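Presented below is the structure to which this report refers.
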Amino acid sequence: TELDKSLVEVIADPILHLIRNAVDHGQETPEERRAAGKPEVGKVWLRAFHEGNSVIIEVEDDGRGIDPEKIKKKAIEKGIINPE
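Count along the sequence shown from 1, then add 38; that gives the number in this note's numbering.
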């Protein structure tokens, strides 16, 4: 998928942030991965493809997944949602 250089300059930092989060927060230690029956080394995939007039960018990892309770707690702390 080809993108205009000016668009790449705008989205490069957010994509880098997503990749870093996938590695820093998603990937387990080699020991945790072994205990979960996974290979010791984790993977992160970056995909870009056209869909209609849009370019879809996906970041995927094979880590521990997202903890909804952690997200809810952080959203409450930041005032994005209320506890109710």
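Ideal Cβ positions, reconstructed from N, Cα and C, are used throughout, including at glycine.
What you are looking at is a predicted structure, and each value in this text was computed from that prediction instead of being measured.
Leaving out the 5 sequence neighbours to the left and right, which residues in its chain are closer than 6 angstroms to residue i when beta-carbon positions are compared?
i    : result
G80  : Q65, D100, G101
R85  : E96
A113 : I119
F87  : T39, I94
Considering only residues of the same chain and omitting the five flanking positions on each side of residue i, which have a CB-CB separation below 7 angstroms?
i    : result
G117 : none
Can you grab the Cα-Cα spacing for the pair residue i / residue j, in whole Å?
i    : j    : result
K76  : E98  : 16 angstroms
E122 : E115 : 13 angstroms
H55  : V46  : 14 angstroms
G90  : P68  : 40 angstroms
R71  : S44  : 39 angstroms
E78  : E107 : 26 angstroms
P52  : K111 : 23 angstroms
Measuring CA to CA, which of the options is closest to residue i?
i    : options               : result
I49  : E70, I109, E96        : E96
I104 : P52, D62, L41, R72    : D62
I57  : K111, W83, K110, P106 : W83
L41  : A73, S92, D51, A74    : S92
First and last residue of the alpha helix (DSSP H) that includes residue i?
i   : result
V46 : 43-59
A73 : 68-73
Tell me where the beta strand (DSSP E) around residue i begins and ends.
i    : result
I118 : It is not in any beta strand (DSSP E) - I118 carries neither H nor E in the DSSP assignment.
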